[in-house]
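Chains as they are written, first to last, in our numbering: chain A, 4 to 251; chain B, 4 to 251. Every residue gets a Cβ at the ideal spot worked out from N, C-alpha and C, and that includes glycine.
Right under this line is the structure:
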């Protein structure tokens with residue numbers, strides 16, 4: 004079967020670390036998808052604007068594992084395992100992910116989305132409308148995911164971090180950036196090994212939009228210590244257009 | 004990106020004609036999926052039994068179109084068109100379908116499913132658990148699909164058809180087969196061209212389990228005129244194990 008990329012996502016999340024594990028965790032996370040001209044978006048998107056949500060089928064393009072492992076360690080199971088097919092792990096026989104996004108609007112060939120848990124430049128294979136009558140089961144029972152709530156941290160900005168944001172970000176984007184950092188961090192991006200092995204006062208950072216947000220975790224609380232402009236050139240991550248998240 | 008088939012579906016629907024356009028339309032439609040041994044189902048399925056529903060990602064393997072068409076004619080729009088990405092049409096840049104199925108039980112390497120809108124022997128690329136917290140939007144708005152309800156027909160069995168079923172089907176399967184035929188037919192398997200061009204008294208048939216169900220449509224009503232044992236050898240369709248739908 005041939006797969007074709009219809010476009011790559013532009014997302015505020017620039018690296019795997021810090022990207023939420025579900026789109027619903029950070030509903031305000033902005034993203035944008037431009038459909039490639041060969042798929043004739045001027046026709047192929049017609050009627051989609053009437054839907055509030057879309058499914059994105061995407062390639063887990065950052066997988067490095069080459070060996071098939073039938074069991075996985077989901078972060079929220081804290082060391083216990085479940086079968087791969089009982090999980091939404093990226094490491095699957097066919098490395099295709101499924102995520103629901105809110106469709107804010109369509110402009111020309113571009114979908115403006117929110118609540119997207121994808122890292123910037125993820126290749127998108129398909130967009131399908133969310134249709135309640137086929138996609139919403141009447142009575143659904145969710146297994147281990149329900150019992151094991153995702154970890155949740157309180158997040159606080161140190162005065163230095165707030166000052167950094169004031170200096171770096173245009174006024175109209177500050178509140179939004181703070182919410183975005185705070186929501187993303189509240190779900191604890193660290194994996195179980197990080198949590199077990201790192202000293203609590205160890206400073207970590209995640210790359211969001213054009214910034215590095217530094218934080219320390221202690222007890223159930225994360226403190227954002229500082230925010231810097233990321234040195235994007237040296238990070239060799241796919242670029243992100245400036246201002247896309249401000250609607251520019 | 005490499006796609007790998009984890010198993011092929013066994014389904015009561017033997018041909019595209021008569022296969023429901025959504026799984027929810029015929030919730031009792033039985034199906035079975037055996038995971039191939041190389042994916043170590045004894046480990047990879049662990050924990051999945053706690054979920055009531057699963058997503059199936061599958062290949063639209065019966066597509067014959069080679070050309071990309073950005074607009075499609077959904078059956079329920081009666082001739083009008085919508086953009087491909089505003090539809091769940093099989094004819095997509097990456098021919099992968101998404102359907103929700105009810106997981107009845109797991110036995111060894113086999114998933115017993117219901118409400119499956121897939122034709123027998125469809126290649127399955129992935130099974131993912133349905134997780135309400137990421138797959139169910141809070142307020143969803145559905146576009147054209149909502150306005151244009153799927154056609155619905157009354158279905159009646161002629162005495163001859165009931166007699167045929169009594170002769171062909173073991174007692175414990177008769178009521179189930181009748182429900183299955185009746186539900187499948189109530190959603191009108193005919194495409195808009197059939198509906199416009201065929202004489203109303205024209206006898207049509209669809210292939211379900213091991214049977215051909217013949218019917219005529221007149222007004223908003225379908226009458227099942229007769230049911231015969233299908234000549235499976237000459238149909239050259241992928242085989243279906245006898246009795247699978249009776250739980251045998």
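Taking the continuous beta strand (DSSP E) assigned at residue i, which residues delimit it?
i	result
residue 100(B)	99–110
residue 2(B)	A question about residue 2(B) goes unanswered here, because the residues of chain B that appear run from 4 up to 251.
residue 92(B)	Run containing residue 92(B): none; DSSP gives neither H nor E here.
residue 34(B)	33–37
residue 47(B)	Taken as a continuous stretch (DSSP letters only), residue 47(B) belongs to no beta strand (DSSP E), being part of the alpha helix (DSSP H) at 44–47.
residue 228(A)	224–232
residue 117(B)	113–117
residue 138(A)	No beta strand (DSSP E) holds residue 138(A); the alpha helix (DSSP H) holding it covers 135–138.
residue 131(A)	126–132
residue 207(A)	207–211
residue 29(B)	Where residue 29(B) is concerned, there is no enclosing beta strand (DSSP E), given that its DSSP letter is neither H nor E.
residue 6(A)	Premise fails: residue 6(A) is in no beta strand (DSSP E) and is neither H nor E.
residue 11(A)	10–14
Which residue comes first and which comes last in the alpha helix (DSSP H) that contains residue i?
i	result
residue 244(B)	From DSSP, residue 244(B) is part of no alpha helix (DSSP H); its letter is neither H nor E.
residue 196(A)	195–200
residue 168(B)	162–171
residue 215(A)	Premise fails: residue 215(A) lies in the beta strand (DSSP E), 214–221, not in any alpha helix (DSSP H).
residue 174(B)	174–189
residue 235(A)	235–238
Is the Cβ-Cβ distance between residue i and residue j less than 8 Å?
i	j	result
residue 216(A)	residue 227(A)	yes
residue 103(B)	residue 36(B)	no
residue 49(B)	residue 236(A)	no
residue 118(A)	residue 51(B)	no
residue 10(B)	residue 127(B)	yes
residue 1(B)	residue 19(B)	What the structure shows of chain B is the stretch from 4 to 251, and residue 1(B) is not part of that stretch, so it cannot be assessed.
residue 190(B)	residue 28(B)	yes
residue 12(A)	residue 34(A)	yes
residue 31(B)	residue 188(B)	no
residue 99(B)	residue 129(A)	yes
residue 140(A)	residue 213(B)	no
residue 143(A)	residue 136(B)	no
residue 232(B)	residue 180(B)	no
residue 240(A)	residue 17(A)	yes
Which whole-angstrom value describes the C-beta separation of residue i and residue j, a residue pair presumed to lie in contact below a C-beta threshold of 8 Å?
i	j	result
residue 132(A)	residue 61(A)	Not quite, the Cβ-Cβ distance comes to about 16 Å (not below 8 Å), so this is no contact.
residue 167(A)	residue 230(A)	4 Å
residue 78(A)	residue 24(A)	7 Å
residue 116(B)	residue 106(B)	6 Å
residue 75(B)	residue 84(B)	6 Å
residue 204(A)	residue 221(A)	7 Å
residue 195(B)	residue 82(B)	6 Å
residue 210(A)	residue 21(A)	7 Å
residue 243(A)	residue 123(A)	5 Å
residue 6(B)	residue 4(A)	5 Å
residue 177(B)	residue 169(B)	7 Å
residue 101(A)	residue 101(B)	7 Å
What I want to know is whether the C-beta of residue i ends up closer than 7 Å to one or more non-hydrogen atoms of the ligand PLP.
i	result
residue 93(A)	Absence of the ligand PLP is noted for the structure shown, with no ligands found whatsoever.
When the cut-off is 8 Å and only beta carbons count, does residue i lie next to chain D?
i	result
residue 7(B)	Absent here is chain D; the protein component of the structure consists of chains A and B.
message = If the cut-off is 8 Å on Cβ atoms, which residues from the stretch 94–108 of chain A count as contacting chain B, listed in chain order?
response = 95, 96, 97, 98, 99, 101, 102, 103, 105
inquiry  = Which residues of the stretch 187–221 of chain A have a Cβ closer than 8 Å to any Cβ of chain B? Give them in chain order.
reply    = Flagged: no residues at all.
Stretch pair the stretch 94–101 of chain A + the stretch 152–163 of chain A: three plus CB contacts closer than 8 Å = At 8 Å Cβ cutoff, the stretches do not touch.
request  = Closer than 9 Å, Cβ to Cβ, to anything on chain A: give me those residues from the stretch 73–95 of chain B, in chain order.
outcome  = 73, 74, 84, 85, 86, 87, 88, 89, 90, 91, 95
ask   = Going along the chain, which residues of the stretch 46–60 of chain A sit with their C-beta nearer than 7 Å to a C-beta in chain B?
value = Taking 7 Å as the Cβ-Cβ cut-off against chain B, the residues of the stretch 46–60 of chain A that qualify are 46, 47, 48, 49, 50, 51, 53, 54, 55, 56, 58, 60.
ask   = According to a CB-to-CB cut-off of less than 7 Å, which residues of the stretch 11–30 of chain A neighbour chain B?
value = 25, 26, 27
ask   = Between the stretch 127–139 of chain B and chain A, which residues of the former have a C-beta closer than 7 Å to a C-beta of the latter?
value = Taking 7 Å as the upper bound on Cβ-Cβ separation, chain A lies near residues 128, 129, 130, 131, 132, 133, 134, 135, 136, 137, 138, 139 of the stretch 127–139 of chain B.
Residues of the stretch 143–165 of chain B with Cβ closer than 7 Å to any Cβ of chain A, in chain order = 143, 144, 145, 146, 147, 148
request  = Determine which residues of the stretch 223–235 of chain A have a Cβ less than 8 Å from any Cβ of chain B, and write them out in chain order.
outcome  = Residues of the stretch 223–235 of chain A with a C-beta atom less than 8 Å from some C-beta of chain B do not occur.
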